[in-house]
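Single-structure report; data block below.
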Amino acid sequence: MSDTKVAIKDLYKIFGSNPSSMIDKVKNGISKSDLLENYGHVLGLDNVNIEVKKSQLQVIMGLSGSGKSTLIRHINRLIEPTSGSIVVDGEDILSMNQTELRNFRRSKASMVFQKFGLLPHRKIVENVSYGLTIQGINKKEAYERSNQWIESVGLNGFENHYPAQLSGGMQQRVGLARALATDADILLMDEAFSALDPLIRSDMQDVLLSLQEKLHKTIIFITHDLDEALKLGDNIAILRDGAVIQSGTAEDIILHPADDYVTDFIKDINKARVLKVSSVMTNENSIKGPEIQDTVIIEDALQTVSKSGSNGAIVVKNGKKIGTVSLTDMIMAIARSTKNTDSDTVYR
Amino acid sequence: MAHFFIREKKLSFFVEFPKMGRADLRDFKKGIDESFKDFTREYGEAIEHFFDPLLYFLVWLEKLFLNTPWPIIMVVIAVLVYFGSRSLKLTIGAVLAFLVIGYLDMWEDTMATLAIISVATIVCISVGIPIGILMARSNRAQTLITPILDVMQTIPSFVYLIPVVMLLGIGKVPGLLAVCIYAIPPIVRLTNLGIRLVDKDVMEASEAFGASYSQKLLGVQIPLALPNIFAGVNQTIMMALSMVVIASMIGVKGLGVPVLRAISNQYLALGVMNGLAIVVLAILFDRVSQKFGKRLQAHTESMK
């Protein structure tokens, strides 16, 4: 209880003319395609359980149609669930009436959208202060507070422009500033960077990470991009056909993919950039080499080791030796799995 | 062949449409007429009183336009046109047009027409926009109101003049009603359309930040629908202007009266002059409201 911020329990969402009549069939394990074919209902979310810890960046990733955008909209109840519970800070979101829900959206959870969702007829400063003016805060104070956020996302000087005058990346900075301006503890980001080109996307990811270092918000981040998920997420949940098929840290998912679907997902990932030396550490005492912190990623470790000319490195934590890594182990860890190498040779 | 069929009595069913008996039909029509007359006798006065404020307002506005010295009116028109359009060319054009209208002795009629058009537009906007909002909010309201609007736009104006005159007699208010019935559909339709076309993503964002219904309506939907709503206002004014001749048939003063006189007496010059005065008013209203509507969309322009 203590540090759980958002708890999603047994959440089901069925789309169709009479969803509640289908819930028993779904709970008895009818498949998504059977439900659609025989009953004309679409299974949106299938028994989702996620606990998000306070100040964590929880990534929910899945391909299009996996239900990730549906899921995030349940947290501020833009979509009503068919069954299940959502508890934020010990408070049940689903039992809130309209006024309570509105207050929750105003002060507890703010949202950043894939298509920005900026008000085209309002200037940037008015957009950023939108959440504040809705709360009834007077314009002068709202603008003052907004200007700080405009500065922190690096848009000073653009306060009096209209959204249409800004590039996509800049517009999403406005979206981010608008969400931050309400001082909500929870930030819901629905494919927030997916509409941006790769360079700008990477920029925005850095902006988000550096802001998070200062702000310690609880962030729920939706993406279809595994690289993005691995870069940002303290914890990652992979969604497929509305069900969570694996949940864990980036390393967990790479080292122990739950099934073929996840394995397939991670085959093109640059593992050297995700795995830390601690994950391939052994107690082989014969290995000599430079000392490396246990949290260093393999990509950096490989560089250090190969520069030193040794066959491995000594892993230290808090200044104490806790193990060793060999060059071969590190290379093996980041190499593609055998199965995929085979299929590659067939096609090449 | 044809002769053969007509001669054969048995085949008359194919030649003549089966119709209601003559006496039945007469009673049927009479029944409707009588019941409407009864309704008129019962409620006519009450309905007339209901529209009294409108009548007072119209009379007051007409007197204001007519009793104010013409140079002042001219200045007011010039100022309004300039602040509506921000175009010097249009302002000079408007002043010149009104000078010619006055010089050709059409000042009074033009002022009367201006008064009724203004009142009709105000009525249409204040009734039409709320109806449009209602239609945008509920699909049931939309399916209910759309056919009514279709009827209002297509039914010949003379047809609804009959019950209006039966109910309210001849005069300014029935004339105003006739104009409004004809002119209100575009503002209703375009308000509905404009609100329905507002970007779903923007609406969702507004919802996600906890906006109440009125905050969504006034802060997002109406401002973003404004270009469409303004096109509706523009159309409403145009349609109101096209009704002035018909309205003059039931006792509305203005440029329609001389046109009517010109038709019955074959006065070519009189008809053309007054007709052109109506055209001038229409063009002025149209250009000014369009320019104003365009200025409302300043935000869509990209960086200069």
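Note that the protein sequences, when read in sequence, are chains A and B. In terms of this note's numbering, the first sequence opens at residue 1 and continues consecutively. In terms of this note's numbering, the second sequence opens at residue 1001 and continues consecutively. Using N, Cα and C, we set each Cβ at its ideal position, and we do this for glycine too. Because the structure is a prediction, the values reported are computed rather than measured.
Runs of the beta strand (DSSP E) spanning 3 or more residues and lying entirely within the stretch 190-267 of chain A occur at 218-223, 235-240, 243-248, in chain order.
Of all residues in the stretch 127-153 of chain A, those with a C-beta nearer than 8 angstroms to a C-beta of chain B are Y130, G131, I134, Q135, reading in chain order. Of the other Cβ atoms in all chains shown, fewer than 16 fall within 10 Å of the Cβ of T1068 of chain B; this residue is therefore exposed. Annotation for F116 of chain A: no alpha helix (DSSP H) segment contains it, and DSSP assigns it neither H nor E. In this structure the stretch 185-196 of chain A lies against the stretch 111-124 of chain A, because at least three pairs of beta carbons, one per stretch, are closer than 8 angstroms.
In this structure, G248 of chain A keeps its C-beta atom at 9 angstroms or more from the C-beta atom of L45 of chain A.
Counting along the chain, A272 of chain A sits inside no alpha helix (DSSP H), nor does DSSP assign it H or E at all. In the same chain as Q171 of chain A, and ignoring 5 residues on each side of it, the C-beta atoms closer than 7 angstroms to its own belong to F116, L118, P163, in chain order. Excluding sequence positions up to five before and after I1263 of chain B, its CB lies less than 6 angstroms from no other CB in the same chain.
Secondary structure of T1143 of chain B (DSSP, three-state): helix.
Excluding its 5 nearest sequence neighbours in each direction, A1247 of chain B has C-beta neighbours in its own chain below 8 angstroms: I1116, G1175, L1176, A1178, V1179, G1254, G1256, listed in chain order. For a cut-off of 8 angstroms, the C-beta gap from E1204 of chain B to L78 of chain A is around 7 angstroms, short enough to register as a contact. Taking all protein chains shown into account, L1190 of chain B has 16 or more neighbouring C-beta atoms within 10 Å of its C-beta and is therefore buried.
At a cut-off of 9 angstroms between beta-carbon atoms, R102 of chain A makes contact with chain B. For the pair E284 of chain A and T324 of chain A, the CB atoms are nearer than the 9 angstroms cut-off.
Interface annotation, F1158 of chain B: not in contact with chain A, CB-CB separation never under 9 angstroms. Residue B:V1245 holds the alpha-carbon nearest to the alpha-carbon of L1260 of chain B among B:I1250, B:V1245, B:E1016. Here the C-alpha atom of P1071 of chain B lies approximately 41 angstroms from the C-alpha atom of L1149 of chain B. Sequence-distant Cβ neighbours of A250 of chain A in its own chain, meaning closer than 7 angstroms and more than five residues away, are L230, G233, I236, V274.
Rounded to whole angstroms, the gap between the alpha carbons of S279 of chain A and N103 of chain A is 44 angstroms. Contacts with chain B at 9 angstroms (Cβ-Cβ) do not include T324 of chain A. At a cut-off of 9 angstroms between C-beta atoms, S308 of chain A does not count as an interface residue with respect to chain B. Pairing A1136 of chain B with I1195 of chain B gives a Cβ-Cβ distance under 9 angstroms. Within chain A, the residues placing a beta-carbon under 8 angstroms from that of Q1215 of chain B are I134, ordered along the chain. For S110 of chain A, the pairing in a beta bridge is given by DSSP as A:L187.
Secondary structure of E91 of chain A (DSSP, three-state): strand. Minimum Cα-Cα distance from F193 of chain A among the listed residues A:V125, A:M204, A:S306 corresponds to A:M204. Taking C-beta separations shorter than 6 angstroms and ignoring five residues to either side along the sequence, the partners of V1288 of chain B in its chain run V1081, G1084, S1085, following chain order.
In the DSSP assignment, F15 of chain A falls within the beta strand (DSSP E) that extends over 4-15.
Under the DSSP definition of a beta bridge, V325 of chain A partners with A:A313. If you ignore the 5 residues before and after A272 of chain A, its C-beta comes within less than 6 angstroms of the C-beta of I298, E299, I334, all in its own chain and listed in chain order. Residue range 291-293 is occupied by the beta strand (DSSP E) that includes E291 of chain A.
With a 10 Å radius around the Cβ and a threshold of 16 neighbouring Cβ atoms, I1122 of chain B comes out exposed.
In the three-state reduction of the DSSP assignment, I287 of chain A falls in the coil class.
For the stretch 1207-1235 of chain B, the beta-carbon criterion of a distance under 7 angstroms to any beta-carbon of chain A is satisfied by E1207, A1208, F1209, G1210, A1211, S1212, Q1215, V1220, P1223, L1224. If you check the CB distance, L1161 of chain B and M1249 of chain B come in under 9 angstroms.
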